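Chemist:
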Amino acid sequence: MVIGMKRFFLSVLFVLIGLAQAQPTLKLEQGWVRRVPGNITAAYLVLYNPSNQPIRILGASTPIATRVEFHQTTHAGHDDHLDISAMKRVETLTVPARGRLEILPGKYHLMLYGLRDKNPRPLQEGQKVPITLRLEGGATLTFTLTAQMR
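Structure, rendered in structure tokens:
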């Protein structure tokens, strides 16, 4: 009976270890939310994926905004007199296996819309802002960013 119980508990332990290892994990290396007085702002992050598999980010949310979208800044006209930048919406972001995704000004960024619908006051310098990322497979990760004037 004791040997059977030990095997049972060892089996449960191995299953739990396997589940823990299967959960996608991203490491936040840096991140902030741009402090602006308006109704729209942007959030920036650098994420590191220590796993051997790419991790796709399907969506994001925050309690300070009505919606969050992924955008990419594109540049055209690279001569000395003309540099045209535009934003285009992207549906997903991918953090490569054992690599980084830079969600930074001039690259990818998270657009936060409807700030005034959630908060009548503008973001304050140093205010903590939770951002939840929804990953492929159903997992979510929440990071806390700081509002900063940059």
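Read in order, the letters of the sequence shown correspond to residues 729 to 878 in the numbering used here.
For every residue, glycine included, the Cβ atom is placed at its ideal position computed from N, Cα and C.
Here the structure is a predicted model, which is why all the values come from computation and not from measurement.
Buried or exposed for G866, going by 16 or more other Cβ atoms inside 10 Å?
Modeler: Answer is exposed; the Cβ neighbour count stays below 16.
Chemist: Considering only the alpha carbon of each residue, which of R784, T860, E853, R862 lies closest to T874?
Modeler: Comparing Cα positions, the closest option is E853.
Chemist: Below 7 Å CB to CB, which residues in the same chain sit around N777 once its five sequence neighbours on both sides are set aside?
Modeler: Excluding positions up to five away in sequence, the list reads L754, I783, V823, P824, A825, R826, G827.
Chemist: For K846, which three-state DSSP category applies?
Modeler: Three-state DSSP puts K846 in a helix.
Chemist: Would you call V761 buried or exposed, if buried means 16 or more other Cβ atoms sit within 10 Å of its Cβ?
Modeler: The residue is buried, with at least 16 neighbouring Cβ atoms inside 10 Å.
Chemist: Might you give, ordered along the chain, the residues of its own chain that have their beta carbon closer than 7 Å to the beta carbon of L756, omitting 5 neighbours on each side?
Modeler: Only L773, L775, F871 meet the Cβ criterion.
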